[in-house]
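Below: one structure, written as structure tokens.
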Ligand code: SER
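Residue numbers (the numbering used here): 405 to 743.
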């Protein structure tokens, strides 16, 4: 009896999942199954073959999926983000680290069952960086993947370790076994900048001030930004993030010189975002009310990242720079959403 070949997305009900499901469902050859603690939004349900409501930490559920489906591509999106993780660090560790470990084991067993590598796409984050001071952040400019790997948040620590775990599964899995064990996980990670979607709002992150400001303005709600206007970190429009994940997932392994890649699109200050939003929505009421603690987290993230390797190895090429992101994607789509 043969199992049905599919792509698996965990954490599918979240922000990235929303866009990824829509994008992957355009390819009828590779049906998608999804897993999340929550049910899928009604507009997404018809796009997937099956949705499992449950946890990546539930071994019986993962066994059921293994028994039913043949999977050679996993997008492991389930995570507790950086702000929420500071209120529940043990839960963040469970979901972000133990959940990732469980999914890597799942991928290894999938690979053993069908004999092919399983591409494991892991969204990591600029939170994996930790700059020691604002002065160091300004001096560092664009950071490379292997610099400043000293995160200050639980989420950042979890993401950095998740990258190491995945690389271990791909390159050194059970390296001392008497019988050679074939590593079946082809692990690939993208360190995403803050992501801005026109159709969903993030929850629990610390880069959320940018999307929150834009959505509040479009909705006609006042917004108090929780970071200083001079605060700068990289951001990207959601469609470019989705495209990047798919590009990296499909790239031939011999083209990849590393397992963890930075990517960037634009890197505006909070004040620059404010100004663009104010000119698009002249009635928007936007103020600043700095939350010193969340500011501290954003100040520890780089003001930009060097994504030379991603551009060279797998052709990362975002469609939207700052102006185009607002003009062609965010503003028209958001206006429609709230009209
Ligand atoms: N957007 C994430 C957060 O703010 C960073 O990857 O937690």
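Positions of the beta carbon are idealized from the N, C-alpha and C atoms, including for glycine.
Alpha-carbon to alpha-carbon, residue 450 and residue 551: Distance between the alpha carbons of residue 551 and residue 450: 43 Å.
Cα-Cα separation, residue 453 to residue 702: A straight line joining the alpha-carbon of residue 453 with that of residue 702 spans about 39 Å.
Range covered by the alpha helix (DSSP H) that runs through residue 642: Where residue 642 is concerned, the enclosing alpha helix (DSSP H) stretches over 642-654.
Which of helix, strand or coil DSSP assigns to residue 579: Secondary structure of residue 579 (DSSP, three-state): coil.
Residue 599 and residue 419 closer than 8 Å at C-beta: Residue 599 is a Cβ neighbour of residue 419, given a cutoff of 8 Å.
6 Å CB neighbourhood of residue 409 in its chain, flanking five on each side removed: Closer than 6 Å at Cβ, skipping near neighbours: 474.
Straight-line gap, residue 569 to residue 686 (C-alpha atoms, nearest Å): Their backbone Cα atoms lie some 48 Å apart in a straight line.
Neighbourhood of residue 604 by C-beta distance below 7 Å, restricted to the same chain and skipping five residues each side: In its chain, beyond the 5 residues on either side, 419, 422 have a beta carbon closer than 7 Å to the beta carbon of residue 604.
Burial state of residue 641, where buried means 16 or more other Cβ atoms lie within 10 Å: Using a 10 angstroms sphere on the CB of residue 641, the tally of other CB atoms reaches 16 or more, which defines it as buried.
Residue range of the beta strand (DSSP E) that includes residue 480: Here the beta strand (DSSP E) through residue 480 covers 473-480.
Where residue 665 falls: helix, strand or coil (DSSP): Three-state DSSP puts residue 665 in a strand.
Cβ contact (3+ pairs, closer than 8 Å) linking the stretch 643-659 and the stretch 523-531: Short answer: they touch.
Limits of the unbroken alpha helix (DSSP H) element including residue 720: Taken as a continuous stretch (DSSP letters only), residue 720 belongs to no alpha helix (DSSP H), as it is neither H nor E.
Range of the contiguous beta strand (DSSP E) that encloses residue 456: Judged by DSSP secondary structure, residue 456 falls within the beta strand (DSSP E) whose first and last residues are 454-457.
Where residue 625 falls: helix, strand or coil (DSSP): DSSP places residue 625 in coil when its eight states are reduced to three.
C-alpha gap between residue 696 and residue 607, whole angstroms: Residue 696 and residue 607: Cα-Cα distance of roughly 19 Å.
Contact between the stretch 660-671 and the stretch 706-713 (3+ Cβ pairs under 8 Å): Output reads yes: the stretch 706-713 touches the stretch 660-671.
Beta-bridge pairing of residue 673 - partner residues as DSSP gives them: Partner(s): 636.
heavy atom of the ligand SER below 7 Å from residue 415 C-beta: No, the Cβ of residue 415 stays beyond 7 Å of every heavy atom of the ligand SER.
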